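Enquirer: In terms of full-length UniProt numbering, the sequence shown is residues 1 to 225.
Pasting a structure here, questions to come.
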Amino acid sequence: MQNETVLGLSKLDKAIIIIGGPLLGAIIGWFIQIISSWLIKIPFVPFGLFFEWIVSWNSFWVSIIGVIAGLIAGILFALYAFSESLKMTITDQEVTMKRYDKEVQLQKSEISAIYMDRKDIVVLGQKGEELYRAQTDVKLLKIEAALLEHRFPWKTQDPYQSDYQRWVPEHPDFPASVNSLLAAREKALKEDDEKEAAILRNDLADKGAAIRDEDKRQYVRMIRG
């Protein structure tokens, strides 16, 4: 049996999500009529008519239905939290990343560096290209210890940090196609459209561009070779 280390949600995290989510939902559901009566007193509160409608119903049945709806919402939240969290399985030969039921296996021979970019774990290939990037809540020291134990090339920072340039529209050092994608991505960042920004990051990676974000500003390096 090969030696492996699994990193992800701790037992405490899992317990909080499994118990806390449905419990909080049920509590809010039980007191939904009281909460609604407070909310309708706030000027211009969104969905004011909906809260007025809740207040108008028989309080006992509103509480029962609210508890059921809260439990369901809590369970759905727990399922989402489990699928959203990154699970890393590390062996002496490879690292497997699983998130949103999407699994990526990376062989040690493919990897030149692994480091943390704020809350993102980043895996670089032998040419300096990004092989994988995803957010994780696992503590940095745990990740570092596990990767070093299995002799992966852990780095305390991006080894290409000095190669990045601040992007501005029509940057002269980047191809026109890269500048166009960066302009679209800047718009997505300003609109807090994380999904579109992630898709555009992948599109840019296909064109040989690696991105580092700082306060919605984009810093770019082109992959050598």
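The C-beta atom is built at its ideal place from N, Cα and C for all residues, glycine as well.
Bear in mind the structure is a predicted one, so any value in this text is a computation, not a measurement.
Between which two residues does the beta strand (DSSP E) containing residue 211 stretch?
Expert: 209-214
Enquirer: Please state whether DSSP places residue 103 in a helix, a strand or coil.
Expert: strand
Enquirer: Considering only the beta carbon of each residue, do residue 80 and residue 164 sit closer than 7 Å?
Expert: no
Enquirer: Suppose you measure from the CA of residue 172 to the CA of residue 210; what does that come to, to the nearest Å?
Expert: 17 Å
Enquirer: Taking the alpha helix (DSSP H) that residue 227 belongs to, which residues open and close that run?
Expert: Outside the shown range of the chain, which is 1 to 225, sits residue 227, and nothing can be said about it.
Enquirer: What does the Cβ neighbour count give for residue 3, buried or exposed, with the cut at 16 atoms within 10 Å?
Expert: exposed
Enquirer: Tell me residue 217's beta-bridge partners as DSSP assigns them.
Expert: 214
Enquirer: Would the region 174-184 and the region 137-148 be scored as touching if the rule is three or more Cβ pairs under 8 Å?
Expert: no
Enquirer: I'd like to know whether the C-beta atoms of residue 26 and residue 86 end up nearer to each other than 7 Å.
Expert: no
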